[in-house]
């Protein structure tokens, strides 16, 4: 009985020690890693994504659409949350419509083609609505800003 109690005490001590070691080994959540990338260059998320000779026409088209969308996402922010939101969405919706057109051009699946057609209609309707909202805001019809 004493032996079993002693083993329980040792097991509890080891468990608490492991917990404490893990707790104190974690980096502080307030620390920010300001070290530069390994070789000092910024990280390019598109590195290594160049067209391969074996890429299909659809893959090349999707890559081109992705690059165009990424470039369009780089808007000049105004500091107006509403306007920045609307302007930022246009590129995303145009990118989705472009991808859907590629699916229609190269795809075979009737269900996917139907979804692509629906996507184009929806995205174009959203783009029109966004542009109308932006025009209204430019003409001063925007609601008063919150304080």
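Residue numbers (mature numbering (1 follows the signal peptide of the UniProt record, and there is no 0)): -20 to -1, 1 to 127. Beta carbons are placed, not taken as given, at the ideal position from N, Cα and C, and that holds for glycine. Given the structure is predicted, the values throughout are model-derived calculations rather than measurements.
Where the alpha helix (DSSP H) through residue i begins and ends
i, result
"residue 110", "90 to 118"
"residue 86", "61 to 86"
Own chain, CB closer than 7 Å to residue i, minus 5 neighbours either side, in chain order
i, result
"residue 112", "none"
"residue 8", "In this prediction, residue 8 has a pLDDT of 49, which is less than 50 and means its spatial position is unreliable; what the coordinates show is noted afterwards. Counting only Cβ-Cβ distances below 7 Å, and skipping sequence neighbours, we find nothing."
"residue 58", "64"
Cβ-Cβ separation, residue j to residue i (assumed contact under 8 Å), whole Å
i, j, result
"residue 68", "residue 53", "7 Å"
"residue 70", "residue 107", "6 Å"
"residue 51", "residue 73", "Rounded, the Cβ-Cβ distance is 15 Å, inconsistent with contact."
"residue 49", "residue 87", "Rounded, the Cβ-Cβ distance is 19 Å, inconsistent with contact."
6 Å CB neighbourhood of residue i in its chain, flanking five on each side removed
i, result
"residue 60", "none"
"residue 41", "82"
"residue 78", "45"
Simplified DSSP assignment, three categories, for residue i
i, result
"residue 58", "coil"
"residue 34", "coil"
Close beta carbons around residue i, own chain, < 8 Å, minus the five adjacent residues each side
i, result
"residue 89", "none"
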